[in-house]
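Have a look at the structure below, then the notes.
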Amino acid sequence: MSIYDLEVALENGEKYRLDKYKGKTLLIVNTASKCGFTGQFDDLQKLYEKYQADGLVVLGFPSNQFKQELDSAEEAATACRLTYGVNFPMHELVKVNGVDAHPLFKLLTEETKGFLGKKVKWNFTKFLVDKNGQVVKRFAPNDKPLDFEEEVKQYL
Numbered sequence: 002m003s004i005y006d007l008e009v010a011l012e013n014g015e016k017y018r019l020d021k022y023k024g025k026t027l028l029i030v031n032t033a034s035k036c037g038f039t040g041q042f043d044d045l046q047k048l049y050e051k052y053q054a055d056g057l058v059v060l061g062f063p064s065n066q067f068k069q070e071l072d073s074a075e076e077a078a079t080a081c082r083l084t085y086g087v088n089f090p091m092h093e094l095v096k097v098n099g100v101d102a103h104p105l106f107k108l109l110t111e112e113t114k115g116f117l118g119k120k121v122k123w124n125f126t127k128f129l130v131d132k133n134g135q136v137v138k139r140f141a142p143n144d145k146p147l148d149f150e151e152e153v154k155q156y157l
């Protein structure tokens, strides 16, 4: 199965297949609006604005699996937009670990390993996907997006 075979839903429930991003570089992030790493929204937005024309797409997937998210995807997206000026796509609330993990995160974690093996350790784990849909890198929650900007640029 390819990342492009998967279907996801925006915060408003609108579903789409990730194949719409074929040929783009993706930075997929599990987010939480009440997490200590929320300051990373600023850096994620800066990367998105700076490299969007070059083919970078940042995709935010709020998760309450670590008990640091608002009650709904719409509330989470609104908080991100109002507080941090985020305008990259935000999605439905998802689980990132366990049997009920969203298929996207099952695929992402199967192809990369972090500190806790395949599991997502915490909010703001970031996955870099190249233009061919291959997961090429996993960044830890404490890895700041602007600190790995050069790596992102390599895949544009």
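Residue numbering for the sequence shown follows my numbering, beginning at 2 and increasing consecutively.
No residue lacks a Cβ here, since even glycine has one placed at the ideal position from N, Cα and C.
Closest residue to residue i among the options (Cα-Cα distance)
i: Val-9; options: Leu-129, Gln-46, Gln-53, Ala-102; result: Ala-102
i: Tyr-156; options: Val-130, Pro-146, Thr-32, Asp-144; result: Val-130
i: Leu-27; options: Phe-42, Tyr-17, Leu-48, Asn-65; result: Leu-48
i: Pro-146; options: Val-136, Phe-128, Asn-133; result: Phe-128
i: Ala-33; options: Glu-150, Leu-19, Asn-65; result: Asn-65
i: His-92; options: Pro-142, Leu-7, Phe-62; result: Phe-62
i: Lys-119; options: Phe-125, Thr-110, Thr-126; result: Thr-110
i: Phe-125; options: Leu-19, Phe-38, Asp-6; result: Phe-38
Three-way DSSP call (helix, strand, coil) for residue i in this model
i: Leu-109; result: helix
i: Lys-154; result: helix
i: Glu-75; result: helix
i: Glu-50; result: helix
i: Met-149; result: Met is not the amino acid found at residue 149; the sequence shown has Phe there. Helix, per DSSP.
i: Leu-28; result: strand
i: Leu-94; result: coil
i: Pro-142; result: coil
i: Lys-21; result: helix
i: Phe-125; result: coil
i: Leu-45; result: helix
Cα-Cα separation between residue i and residue j, rounded to whole angstroms
i: Asn-13; j: Thr-84; result: 19 Å
i: Lys-25; j: Val-97; result: 23 Å
i: Glu-75; j: Pro-104; result: 21 Å
i: Glu-152; j: Val-100; result: 31 Å
i: Asp-55; j: Tyr-22; result: 13 Å
i: Tyr-17; j: Gln-53; result: 20 Å
i: Val-137; j: Glu-15; result: 28 Å
i: Asn-31; j: Asp-148; result: 18 Å
i: Gly-40; j: Trp-123; result: 15 Å
i: Val-87; j: Gln-46; result: 6 Å
i: Asn-133; j: Val-121; result: 23 Å
i: Leu-11; j: Asn-143; result: 25 Å
Nearest-angstrom Cβ-Cβ length linking residue i and residue j, presumed shorter than 8 Å
i: Ile-29; j: Leu-108; result: Wrong, their Cβ atoms sit about 10 Å apart, outside the cutoff.
i: Leu-60; j: Phe-89; result: 7 Å
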